[in-house]
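Just so we're aligned, residue 22 is where the sequence shown starts under the working numbering, counting upward by one.
Even for Gly, the Cβ is constructed at its ideal location relative to N, Cα and C.
Quantities reported herein were computed from a predicted structural model and do not represent experimental measurements.
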Amino acid sequence: MLFTHEACLAYLEHIRWNGIPTCPYCQAQRSTPIRHENRYHCNYCYTSFSVTVNTVFHGSHIKLDKWFKAVFLVMTIDKNISIRRLAREISVTNTSASKIKNHINQAIEEDLDLLQKLAIFYLENNRSPNQ
């Protein structure tokens with residue numbers, strides 16, 4: 022499996038919704054995919070939403086594959102990883118890395134289970150074939 026933004030999006034949808042998109046605003050499970058946007062339109066409250074709503078990733082322009090790698094690095098390698106190293110590892114600016122690290126540290130207290138699943142997903146999908 023290629024570790025891409027789309028693969029991360031599909032995995033996040035699987036662990037949050039178990040295959041059935043659920044509106045975060047009204048909890049309805051009646052929605053229509055919005056083509057080419059990775060979003061859904063709720064057929065009950067008429068809002069649009071994505072799987073990242075109410076998560077650490079919401080509102081970020083950084084692709085999910087970089088977020089998942091950052092989660093893995095902070096959760097398993099070094100909770101005190103420097104901003105510079107994190108920026109270098111995930112190929113973002115120091116400012117973006119700082120924001121990502123702050124969001125992850127805050128999310129550790131709020132949604133540890135989700136972050137652990139994402140770190141495991143990253144690890145399983147980034148092993149070399151010889152491992």
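Less than 8 angstroms between the C-beta atoms of residue i and residue j, yes or no?
| i | j | result |
| --- | --- | --- |
| TYR46 | THR53 | no |
| LYS122 | ILE104 | yes |
| PHE70 | TYR143 | no |
| LYS84 | HIS26 | yes |
| LEU30 | VAL72 | yes |
Mark residue i as exposed unless 16 or more other C-beta atoms lie within 10 angstroms of its C-beta, in which case mark it buried.
| i | result |
| --- | --- |
| SER117 | buried |
| TYR32 | buried |
| ASP86 | buried |
| HIS35 | exposed |
In the structure shown, what three-state DSSP assignment does residue i receive?
| i | result |
| --- | --- |
| TYR32 | helix |
| ARG56 | coil |
| TYR143 | helix |
| HIS82 | coil |
| PHE24 | coil |
| SER69 | strand |
If residue i and residue j are in contact, beta carbons under 8 angstroms, what's the gap, nearest whole angstrom?
| i | j | result |
| --- | --- | --- |
| ALA91 | LEU107 | 6 angstroms |
| ALA49 | TYR65 | 4 angstroms |
(message) Can you confirm whether the region 76-84 touches the region 125-144 when touching is taken to mean that 3 or more C-beta pairs between the two stretches lie within less than 8 angstroms?
(response) Three or more pairs of CB atoms, one per stretch, sit closer than 8 angstroms, so the region 125-144 contacts the region 76-84.
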